[in-house]
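Counted from 1, the sequence shown has number 31 at position 31 by full-length UniProt numbering; the numbering is strictly sequential.
We treat Cβ as the ideally placed atom computed from N, Cα and C, and that holds for glycine.
Computed from a predicted model, the values in this text were never measured in an experiment.
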Amino acid sequence: MNACRILIVFATGLLFSCSKEDGDVPREPEKAAETAAQPTETKTAEGILEYYPQDVKSVQAWLGHEFMVGETPIRPTEAVPAETLRKMIGRTVKIEGVWNPGQKWKQPQPTDDEAYLQNPAFSEGEIVIRGAGIEAASVLDVDQ
Numbered sequence: 001m002n003a004c005r006i007l008i009v010f011a012t013g014l015l016f017s018c019s020k021e022d023g024d025v026p027r028e029p030e031k032a033a034e035t036a037a038q039p040t041e042t043k044t045a046e047g048i049l050e051y052y053p054q055d056v057k058s059v060q061a062w063l064g065h066e067f068m069v070g071e072t073p074i075r076p077t078e079a080v081p082a083e084t085l086r087k088m089i090g091r092t093v094k095i096e097g098v099w100n101p102g103q104k105w106k107q108p109q110p111t112d113d114e115a116y117l118q119n120p121a122f123s124e125g126e127i128v129i130r131g132a133g134i135e136a137a138s139v140l141d142v143d144q
């Protein structure tokens with residue numbers, strides 16, 4: 001009989017602890033719906049692969065466009081790593097992958113902060129997107 005009571009007390013405690021909301025992860029249904037609604041748009045870029053190293057101050061590198069084919073930024077992935085793309089710099093390539101829309105960036109207010117001084121200047125109200133580009137799923141060397 002004692003084992004039965006202990007089991008009932010344990011089960012009741014477990015039931016109440018699972019029903020509390022403080023331990024639950026807050027859910028944001030509108031973000032989940034927004035993510036599900038975004039189409040996975042496959043894009044192709046063909047042209048000469050250009051490289052803008054991240055350690056060199058350029059607008060392309062600052063925007064996260066380390067690799068570009070014409071005006072299209074290319075993002076390395078596990079399928080096509082940066083090392084593979086570096087071997088093809090200056091060659092005509094055809095790259096396919098899913099388009100990553102990047103993130104909006106707002107220019108901070110002017111201060112004496114050194115980090116601010118290293119940001120490129122954009123006109124007020126201009127929408128700046130960082131990190132956009134084709135997430136490379138396949139690359140073909142057209143020159144060969």
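* To do: Enumerate in chain order the residues of its own chain whose CB-to-CB distance from glutamate 28 is below 8 Å, with the five nearest sequence positions on each side excluded.
  => Because glutamate 28 sits at a pLDDT of 48, beneath the cut-off of 50, its placement in the model cannot be relied upon, and the point is left open.
* Run through DSSP, which three-state label would glutamine 60 get? -> helix
* May I ask you to verify whether the segment 45 to 58 touches the segment 88 to 99, counting CB pairs closer than 8 Å and requiring at least 3? => The segment 45 to 58 vs the segment 88 to 99: in contact.
* To do: Would you check if the distance between the CB atom of lysine 80 and the CB atom of leucine 49 is smaller than 8 Å?
  => Per the sequence shown, the amino acid found at residue 80 is valine instead of lysine. Not closer than 8 Å, so no.
* Who pairs with methionine 68 in a beta bridge, going by DSSP? -> Glu50 and Pro73
* Among Glu135, Val139 and Trp105, which one has its Cα closest to the Cα of isoleucine 74? -> Restricting attention to Glu135, Val139 and Trp105, the CA atom closest to the CA of isoleucine 74 is found in Glu135.
* To do: Compare the C-alpha of valine 128 against each of Gly102, Thr84, Ser138 and Val93 and name the closest.
  => Gly102
* To do: Figure out for me which residue from Lys106, Arg86, Ala137 and Ala61 has the closest Cα to the Cα of glutamate 78.
  => Ala137
* To do: Check alanine 82 in the structure and name its three-state DSSP category.
  => helix
* Going by alpha carbons, who is nearest to leucine 140 out of Ser123, Leu85 and Ala132? -> Leu85
* Asked: Got a sec? Which residues, its chain only, sit under 7 Å from alanine 132 by beta carbon, not counting five neighbours each side?
  -> Hits under 7 Å: Pro73, Asn100, Pro101 and Gly102.
* Asked: What is the DSSP secondary structure of glutamine 144, reduced to helix, strand or coil?
  -> Coil.
* Who does threonine 92 pair with in a DSSP beta bridge? -> Ile48
* Asked: Since lysine 87 is in the beta strand (DSSP E), which residue starts that stretch and which ends it?
  -> Counting along the chain, lysine 87 falls outside any beta strand (DSSP E), and DSSP gives it neither H nor E.
* When the Cα of valine 142 is compared with those of Tyr51, Glu71, Pro76 and Val93, which residue comes out closest? -> Val93
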